[in-house]
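In the numbering used here, the protein residues as written are 6 to 296. C-beta: ideal position from N, C-alpha, C; glycine also. The structure under discussion appears below in the form of structure tokens.
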Ligand code: AMP
């Protein structure tokens with residue numbers, strides 16, 4: 006595995022991979038502190054492609070709280086070791102000055118309901134501007150055939166798909182299911198910042214989603230009822246969600262009943278750590294979530 010820090014080196018390495026016969030290149034963009042969720046994306050990329058590029062960049066422009074950026078876990082040596090075992094060919098780990106050199110003045114901004122709802126409402130428009138800008142820069146730098154994203158960040162996935170279509174970037178965007186710990190908590194680099202007590206309270210998030218799913222399977226279709234089921238579970242662990250939304254999975258428009266697939270998305274702070282999770286309702290049992 007080669008580690009490169011500049012787009013120039015990245016392109017040179019990609020040229021040699023291609024001339025050595027790598028026809029399909031897969032990209033997995035991350036902010037590091039790799040966990041099983043990231044590794045599941047890398048496995049998907051490995052299965053589909055001849056060469057895999059992992060990017061690790063804690064993108065300052067998508068953080069709307071300086072304390073969150075400062076506290077974001079960073080361990081490049083451990084990440085590089087995991088990447089190597091996951092079969093990564095090229096690790097792109099740029100400095101901030103490489104991605105945002107002096108004079109940088111361009112922002113990719115996806116406007117409208119996709120970025121105004123949910124995370125956009127909670128974190129402000131700068132968050133998705135930061136995401137869309139850095140992901141477009143990564144897609145342009147790597148010119149990958151496919152890039153892999155987690156359904157855990159369902160809204161981010163929609164924003165990336167919109168940006169890709171609007172800018173005409175040919176890379177295929179692949180969604181991968183949410184990887185969870187055995188107790189149900191969605192894996193996140195931020196979980197490392199939870200105390201033992203906070204972690205057990207955080208389990209109310211997947212429990213609330215499971216309770217919604219169970220109510221749905223019992224035949225409950227009304228969002229008002231499903232919301233009450235989730236809130237009861239969250240509040241029993243003293244979690245007050247920043248949002249608990251039932252929305253159309255492609256447009257993020259709020260719905261009142263589960264007649265078709267509906268995305269149930271939740272964000273909640275547990276201590277100082279903000280966690281998000283989601284689940285797709287209204288699909289036939291047994292159908293995979295990423296459909
Ligand atoms: P991050 O490093 O948190 O920015 O995440 C990098 C990529 O990994 C994004 O596409 C995330 O959606 C994805 N990801 C993060 N957590 C998980 C998870 N638990 N399961 C699947 N994908 C994930």
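One or two residues paired with residue i in a DSSP bridge
i, result
"residue 185", "191"
"residue 153", "179"
"residue 82", "Answer is none; residue 82 lacks a bridge partner."
"residue 282", "271"
"residue 68", "Answer by DSSP bridge pairing: none, since residue 68 is not bridged."
"residue 97", "9 and 60"
"residue 262", "227"
Residue environment, residue i, which counts as buried when at least 16 other CB atoms sit within 10 Å
i, result
"residue 183", "buried"
"residue 101", "exposed"
"residue 296", "Only weak support is given to the placement of residue 296: the predicted model assigns it a pLDDT of 38, under 50, and the value that follows is read from those uncertain coordinates. Flag for residue 296 reads exposed."
"residue 134", "buried"
"residue 193", "buried"
"residue 201", "exposed"
"residue 265", "exposed"
"residue 251", "buried"
"residue 175", "exposed"
"residue 59", "buried"
"residue 255", "exposed"
"residue 222", "exposed"
"residue 240", "exposed"
"residue 106", "exposed"
Spatially closest choice to residue i from the options, by CA coordinates
i, options, result
"residue 94", "165, 110, 15 and 164", "15"
"residue 34", "46, 25, 26 and 23", "46"
"residue 20", "146, 121, 259 and 206", "146"
"residue 151", "159, 166 and 137", "166"
"residue 212", "229, 197 and 188", "188"
"residue 26", "8, 85 and 55", "55"
"residue 103", "178, 216, 61 and 43", "61"
"residue 261", "229, 128 and 205", "229"
"residue 97", "70, 114, 71 and 32", "32"
"residue 216", "207, 236 and 87", "236"
"residue 48", "68, 72 and 87", "87"
"residue 227", "197, 287 and 191", "287"
"residue 284", "241, 210 and 245", "210"
"residue 171", "148, 153, 130 and 115", "115"
"residue 50", "91, 10 and 37", "91"
"residue 112", "52, 30 and 66", "66"
"residue 276", "130, 163 and 195", "195"
Element boundaries [beta strand (DSSP E), containing residue i]
i, result
"residue 247", "246-252"
"residue 34", "30-35"
Residue range of the unbroken alpha helix (DSSP H) whose run includes residue i
i, result
"residue 210", "209-222"
"residue 130", "130-147"
"residue 42", "41-53"
"residue 106", "Where residue 106 is concerned, there is no enclosing alpha helix (DSSP H), given that its DSSP letter is neither H nor E."
"residue 170", "159-172"
"residue 119", "118-121"
Closer than 8 angstroms: residue i CB and nearest the ligand NAP heavy atom
i, result
"residue 29", "Among the ligands in the structure shown, the ligand NAP does not appear; only the ligand AMP can be found there."
Original post:
Could you name the residues, in chain order, whose CB is less than 6 angstroms away from a heavy atom belonging to the ligand AMP?
Top reply: 35, 36, 42, 43, 45, 46, 154, 155, 157, 158, 181, 183, 184, 191, 192, 193 and 194
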